[in-house]
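Asker: Under my numbering, residues 63 to 362 are what the sequence shown spells out, in order. We put the CB at the ideal spot given by N, CA and C, even for glycine. One structure, pasted below without further comment.
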Amino acid sequence: MFTAAEVDVRTIWKLLEEAMKIAEGKFMKPKNEIFVANLFYENSTRTKTSFDIAERRLGLTVIPFDVQNSSASKGESLYDTAKTLKSLGLDLLVIRHSQDAYYRELSRIGIPIINAGDGKGHHPSQCMLDLLTIYQEFGNFQDLKVGIVGDVKHSRVANSDAEALRKLGAKVYFSGPPKWFDMGTIINGTFVSFEELVREVDVLILLRIQHERHDTQMQMSTDVYHRKYGLTLELEKHMKREAIIMHPAPINRGVEIADELVESSKSRIFKQMENGVYVRMAILKHVLEKNGHLFEQILG
Ligand code: CP
Numbered sequence: 063m064f065t066a067a068e069v070d071v072r073t074i075w076k077l078l079e080e081a082m083k084i085a086e087g088k089f090m091k092p093k094n095e096i097f098v099a100n101l102f103y104e105n106s107t108r109t110k111t112s113f114d115i116a117e118r119r120l121g122l123t124v125i126p127f128d129v130q131n132s133s134a135s136k137g138e139s140l141y142d143t144a145k146t147l148k149s150l151g152l153d154l155l156v157i158r159h160s161q162d163a164y165y166r167e168l169s170r171i172g173i174p175i176i177n178a179g180d181g182k183g184h185h186p187s188q189c190m191l192d193l194l195t196i197y198q199e200f201g202n203f204q205d206l207k208v209g210i211v212g213d214v215k216h217s218r219v220a221n222s223d224a225e226a227l228r229k230l231g232a233k234v235y236f237s238g239p240p241k242w243f244d245m246g247t248i249i250n251g252t253f254v255s256f257e258e259l260v261r262e263v264d265v266l267i268l269l270r271i272q273h274e275r276h277d278t279q280m281q282m283s284t285d286v287y288h289r290k291y292g293l294t295l296e297l298e299k300h301m302k303r304e305a306i307i308m309h310p311a312p313i314n315r316g317v318e319i320a321d322e323l324v325e326s327s328k329s330r331i332f333k334q335m336e337n338g339v340y341v342r343m344a345i346l347k348h349v350l351e352k353n354g355h356l357f358e359q360i361l362g
């Protein structure tokens, strides 16, 4: 299982090292045929596509699975779907689902699961690609100041990133509308004003407003949000010279970040996406090896 950010520090470092070797051209193939499927009960562009590419680059056999056209539409539960796919011979499932910690009830099936996002719980593979992007830039996490801004309360990325960064020795700060901040999250960081945070941090992680997880409609217009909590062209001028901008995407240009800043010199947003393939290859290999599958390195 690779489910929540409760992955230990040793595993994080192992995955980062493997992902960096993969980024440099390390190439591996499994010794036996391995069947995997990607079950996305919530929409995705980056995570689903990069898992697909990662699996193919690792030489895995990807069995197409389209939730909308599956028997989920006839009421089949996630548990029965996962159990069915195991019975059919699948070796590993990558799953995204709107239910927090959906994977708990699946653990007794006995098929390895990689969590591609659970409700507002965790997004561990996004966390790993964020860590890789930060490490490539700064070469360390100790005492690095990382700001996470926006809809913290509904963000599985904020949860996973803050927890892992704190374990690695970084200092985590949060900002955004106070009503989108759950005091429970504060154990992994400190809540500060947005302007103060922008001036102080080495890494600024902006979050999308997760309307799909809100109980009520947002009271603030997107223009007001941008002026109060978005990274405007004016505010960006106050960032440290070496600081970087990150965002898990999808991005709402002109809301959480000014359009012009998305592809600016400080932005690592598209680098994050590229890194997603490397870390997902590392995660897939790690989970499969833990479940008895063997890989051999192919020398170029
Ligand atoms: N960052 C992320 O999870 O993007 P997708 O929803 O497109 O997968």
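Would you report the Cα separation of residue 77 and residue 289, rounded to the nearest angstrom?
Answerer: Spanning the two alpha carbons is a distance of roughly 38 Å.
Asker: Have a look at 318, 215, 221 and 187 and flag the residue whose alpha-carbon is nearest the alpha-carbon of residue 334.
Answerer: Of 318, 215, 221 and 187, the residue nearest in Cα terms is 187.
Asker: If you follow the alpha helix (DSSP H) that residue 77 is part of, which residue opens it and which one closes it?
Answerer: Its alpha helix (DSSP H) spans residues 71-85.
Asker: If you draw a straight line from the C-alpha of residue 141 to the C-alpha of residue 345, how long is it?
Answerer: If you take the alpha carbons of residue 141 and residue 345, they lie about 23 Å apart.
Asker: Evaluate the contact criterion for the region 265-276 versus the region 209-221: three or more CB pairs, one atom per stretch, below 8 Å.
Answerer: The answer is yes - the region 209-221 touches the region 265-276, with three or more Cβ pairs under 8 Å.
Asker: Residue 359 lies in the beta strand (DSSP E); which residues open and close that run?
Answerer: Here the beta strand (DSSP E) through residue 359 covers 357-359.
Asker: Our contact map puts residue 189 next to residue 222 with C-beta atoms below 8 Å; I'd like the distance itself, whole angstroms only.
Answerer: Right, the Cβ-Cβ distance comes to about 4 Å (below 8 Å), so this counts as a contact.
Asker: Mind reading off the beta-carbon distance from residue 116 to residue 155? Whole number of angstroms is fine, and I expect it under 8 Å.
Answerer: Actually they are not in contact, since the Cβ atoms of residue 116 and residue 155 sit about 14 Å apart, beyond 8 Å.
Asker: In this structure, what does DSSP give as the bridge partners for residue 267?
Answerer: Paired residue(s): 210 and 308.
Asker: Going by CA-CA distance only, name the one from 132, 114 and 135 that's closest to residue 124.
Answerer: If we check each option's Cα against that of residue 124, 114 comes out closest.
Asker: Taking DSSP as the reference, what is the three-state secondary structure of residue 203?
Answerer: Three-state DSSP puts residue 203 in coil, outside helix and strand.
Asker: From what residue to what residue does the alpha helix (DSSP H) around residue 226 run?
Answerer: Its alpha helix (DSSP H) spans residues 218-229.
Asker: I need the DSSP call for residue 233, collapsed to helix, strand or coil.
Answerer: Strand at residue 233.
Asker: With three or more beta-carbon pairs closer than 8 Å as the criterion, would you say the region 248-256 touches the region 303-317?
Answerer: With a cut-off of 8 Å, the region 303-317 and the region 248-256 do not count as touching, because too few Cβ pairs lie within range.
Asker: Beta-carbon within less than 6 Å of residue 271's beta-carbon, same chain only, minus the 5 sequence neighbours each way: which residues are those?
Answerer: These residues qualify, in order along the chain: 213.
Asker: Let me check one thing: in DSSP terms, what residues is residue 384 bridge-paired to?
Answerer: A question about residue 384 goes unanswered here, because the residues of the chain that appear run from 63 up to 362.
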